[in-house]
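Here the structure is laid out as structure tokens; the discussion comes afterwards.
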Amino acid sequence: MKKTLVCILAETRAHKLSWDSFNSNILEKLDADLALCIAVDETYDCENPYWKSAKFKFTFKEYSDWGDAYDECQLEILGKTESFSLPNWRLLLEVKDQWLGGVKGPNSHPGSAGILIYARWQLLKSLLENKLDSAYDRFVVTRSDFIWTIPHPDLEILDERKIWVPDGEAYGGITDRHVVLSREHLSS
484 MKKTLVCILA ETRAHKLSWD SFNSNILEKL DADLALCIAV DETYDCENPY WKSAKFKFTF
544 KEYSDWGDAY DECQLEILGK TESFSLPNWR LLLEVKDQWL GGVKGPNSHP GSAGILIYAR
604 WQLLKSLLEN KLDSAYDRFV VTRSDFIWTI PHPDLEILDE RKIWVPDGEA YGGITDRHVV
664 LSREHLSS
């Protein structure tokens, strides 16, 4: 039997408004387990139903400047030696629009897309480190603050050879609010 893991990114918010519809129209409908990959601090509400229902909890710290998180990623990915200076990735802030929202600096971008990129990287690392890429067939990466007024489409009708994203709120790209993919596409 195919197994599905629903993953909430970045934060759990609006649980008083969204949990019941999320639980019935996503988790129960898809017969899925729940994973959180979220930023937490000392004020995080561990009594919220997302936290209490999650089978897997992957957490990272909340940054006031998410550029600091990217600096740490760069060191982890590239390492640092005496003979190698790290490239200045902050030059990417010169690219227009909002794809690095949450990173401070000259030409800062609005929004939170940069935070979500970081959260996706943390999610991928956590899934691979915990071998969840082989334990689950399908992955639904979404937000906690959607109000699901209808059940999620059956995953059987969504071709597993494709990555599925909703149409809308793309802002010049592809929406980062919801995606359905198979294990084969986790690292794509």
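Here the sequence shown stands for residues 484 to 671, where the numbers follow this note's numbering.
Glycine residues also receive a C-beta, built at the ideal position from the N, C-alpha and C atoms.
The model shown is predicted, which means the values in this text are computed figures rather than measured ones.
In three-state DSSP terms, what is residue i?
i, result
"I462", "Since the displayed the chain opens at 484 and closes at 671, residue 462 lies outside it and no answer follows."
"R573", "helix"
"S504", "helix"
"L664", "strand"
"R496", "coil"
"R603", "helix"
"I509", "helix"
"K608", "helix"
"L669", "coil"
Can you check which of these residues, the options, is closest to residue i by C-alpha distance?
i, options, result
"K485", "T632, R660, D616, I633", "D616"
"K540", "I491, G562, R621", "I491"
"K535", "Q581, I509, A518", "A518"
"G524", "Y601, L488, K512, T542", "As written in the sequence, residue 524 is Asp, which differs from the Gly given in the question. Looking at the Cα atoms, T542 is the closest of the given residues."
"R603", "Y553, W572, R644, V578", "Y553"
"P589", "E530, R573, Q581", "R573"
"F622", "S507, C556, V663, L576", "V663"
"A537", "W502, I600, Y601, D642", "W502"
"Y650", "D642, H661, E643, R644", "The question names Tyr, yet the displayed sequence has Asp at residue 650. Of the listed residues, the one whose Cα sits closest to D650 is H661."
"L510", "I633, S665, E559, K645", "I633"
"L569", "A522, W582, E667, E555", "E555"
"G597", "A497, G584, L606", "G584"
Which residues bound the beta strand (DSSP E) around residue i?
i, result
"R644", "Unbroken run through R644: none, as it is neither H nor E."
"R621", "621 to 625"
At what residues does the alpha helix (DSSP H) containing residue i begin and finish?
i, result
"A618", "615 to 618"
Hey, is the region 636 to 651 in contact with the region 545 to 563, meaning 3+ C-beta pairs nearer than 8 Å? no
Validate contact between the region 591 to 601 and the region 611 to 625 using beta carbons, cut 8 Å, 3 pairs: no
Whole alpha helix (DSSP H) elements within the region 517 to 599, 4-residue minimum: 532 to 536, 549 to 561
Below 8 Å, can you find three or more Cβ-Cβ pairs linking the region 492 to 510 to the region 625 to 634? yes
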